[in-house]
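One structure is given here, and the rest of the page talks about it.
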Amino acid sequence: MDNQHSLLARREFLRFLAASPYVAAAGGMGAFVLLPRAWAEGPEVITDPVNALNVFDFEEAAHRKVHQGHWAYMASGVDDDATLRANREIFKHVQLRPRRLHNATLVDTRVELFGTVYNSPIFLCPTGGERGFYMDGEVSVARAARARGTLQCLSTMTSTPIEEVNKALGRPVWYQLYAPSKWEACEQLLRRVEAAGSTVVLLTVDNTTGRNSETYLRSRPKDLTQCSSCHHGPGQPPGPVGERAMFKGIDMTGVRAPNPAMDWEFVDQLRKFWRGKLVIKGIDTHEDARLAIEHGFDGILVSNHGGRATETLRSTLEALPEVVGEAGNRVPVFVDGGFRRGTDIFKALALGAKAVGVGRPFLWGLGAFGQPGVDRVLEILQGELKLVMGNCGTRTVADINRSYIATPDWKI
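Count along the sequence shown from 1, then add 7; that gives the number in this note's numbering.
Structure below.
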């Protein structure tokens with residue numbers, strides 16, 4: 008029996024055990040928790056995205072294919088990685104309160120964001136250098152997003168020009184901006200974004216001074232002599248900012264991106280220049296949410312950079328209610344950080360988020376299988392969300408509210 012069939016057979020056997028009256032008499036599957044993990048789940052790794060049962064199935068498949076340094080950069084957090092873990096652990100403290108006897112055949116996951124309708128409230132977060140995970144990088148992600156009717160956000164540190172990504176996506180991406188420290192460079196960058204057809208910009212403000220990436224530094228390869236062929240091109244000198252696809256043709260000499268001197272005065276200058284929608288990414292408090300609205304932002308993305316910016320020990324799901332409370336109906340609030348299940352996404356929607364971003368899961372899919380992997384990750388998450396919406400009695404995303412969750416040990 009090959010590895011894939013062995014894995015599926017083992018899972019079928021575990022399902023059989025769970026339904027067995029003998030197992031029930033023994034105390035349920037809890038009686039088997041001491042079985043070795045390798046026996047219960049098997050060491051096998053999926054070899055086809057169709058065999059994935061959840062997004063976690065892609066993680067090890069990608070880990071075995073992606074370059075060690077690229078993997079370490081993506082998978083790690085900062086300091087002790089505690090905020091990275093907090094983003095996941097918080098979901099255990101939010102329960103669902105399902106309502107019964109609603110027609111679950113009429114569930115509609117579509118949402119409208121800034122005038123565009125998407126098939127679900129799930130969006131793909133901006134992540135830099137996606138060619139480091141698969142040869143076609145952002146283009147493969149765009150094709151999967153197009154097939155699933157999903158919003159894609161593109162990083163300033165993209166390895167593929169915005170023009171190519173928008174073409175593959177079939178509509179404009181939302182563009183994530185690491186604002187250059189020289190205004191002229193920022194203007195040139197935004198003019199290019201506008202010329203490419205994108206009308207929504209996400210200004211990232213949660214990682215302007217760098218980060219203490221201990222786990223990454225410990226995990227990456229010690230010998231970096233071969234990295235120049237990937238990061239800088241043969242014979243080219245290192246240039247961590249100026250070499251990026253979006254900075255071609257822009258004089259980045261002495262320019263930093265993001266700009267560590269960025270402040271609300273800069274925001275006013277940006278707001279005056281940019282004629283499209285402007286979303287601020289990285290707001291986690293009601294005080295900053297209020298200021299963001301006062302300074303003209305059209306939306307707020309609650310984010311802690313996936314636990315990769317500051318070791319706050321505070322999950323984005325915990326920060327979400329106070330930002331939503333401040334924003335009210337004035338601007339939409341979005342959130343990312345640690346979302347891996349349809350139930351996770353449902354909980355954020357119940358707390359007031361208009362859309363929920365995922366990052367690492369689609370990179371797992373990309374690293375493991377390219378476009379088909381990203382497509383399957385989206386299929387799983389969208390399917391899980393539709394399932395929980397039906398089981399909780401919510402036909403549309405707009406129906407989801409705070410009454411569908413309980414937080415017995417969490418004050419919100």
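The C-beta atom is built at its ideal place from N, Cα and C for all residues, glycine as well.
C-beta contact flag for residue i and residue j at 7 Å
| i | j | result |
| --- | --- | --- |
| residue 305 | residue 285 | yes |
| residue 381 | residue 180 | no |
| residue 172 | residue 145 | yes |
| residue 152 | residue 176 | yes |
| residue 391 | residue 349 | yes |
| residue 165 | residue 289 | no |
| residue 342 | residue 331 | no |
| residue 62 | residue 347 | yes |
| residue 351 | residue 100 | no |
| residue 308 | residue 93 | no |
| residue 203 | residue 169 | yes |
| residue 72 | residue 374 | yes |
| residue 192 | residue 269 | no |
Same chain, Cβ closer than 8 Å to residue i, five either side skipped, listed in chain order
| i | result |
| --- | --- |
| residue 318 | 84, 85, 86, 87, 89, 90 and 219 |
Pick from the options that is closest to residue i, judged by C-alpha positions
| i | options | result |
| --- | --- | --- |
| residue 214 | 162, 315, 203 and 368 | 315 |
| residue 78 | 122, 139 and 204 | 139 |
| residue 226 | 130, 76, 326 and 196 | 76 |
| residue 338 | 271, 303, 407 and 363 | 303 |
| residue 65 | 184, 73 and 53 | 53 |
| residue 117 | 328, 404, 313 and 82 | 404 |
| residue 325 | 291, 159, 141 and 109 | 291 |
| residue 344 | 130, 168 and 416 | 130 |
| residue 223 | 271, 216, 74 and 122 | 74 |
Collapsed DSSP secondary structure at residue i in the structure displayed
| i | result |
| --- | --- |
| residue 157 | coil |
| residue 350 | helix |
| residue 372 | helix |
| residue 211 | strand |
| residue 63 | coil |
| residue 52 | coil |
| residue 181 | strand |
| residue 320 | coil |
| residue 406 | helix |
| residue 115 | strand |
| residue 279 | helix |
| residue 129 | strand |
| residue 73 | coil |
| residue 222 | helix |
Close Cβ partners of residue i (< 6 Å) along its chain, the five nearest in sequence each way excluded
| i | result |
| --- | --- |
| residue 188 | 262, 263 and 266 |
| residue 56 | 376, 379, 380 and 383 |
| residue 182 | 161, 200, 205 and 208 |
| residue 411 | 104, 357 and 399 |
| residue 106 | 400 |
Residues sharing a beta bridge with residue i, DSSP
| i | result |
| --- | --- |
| residue 362 | 341 |
| residue 93 | Its beta-bridge partners do not exist; DSSP assigns none. |
7 Å Cβ shell around residue i - same chain, five flanking residues per side excluded
| i | result |
| --- | --- |
| residue 275 | 302 |
| residue 194 | 280 |
| residue 134 | 162, 366 and 370 |
| residue 70 | 78 |
| residue 81 | 367 and 370 |
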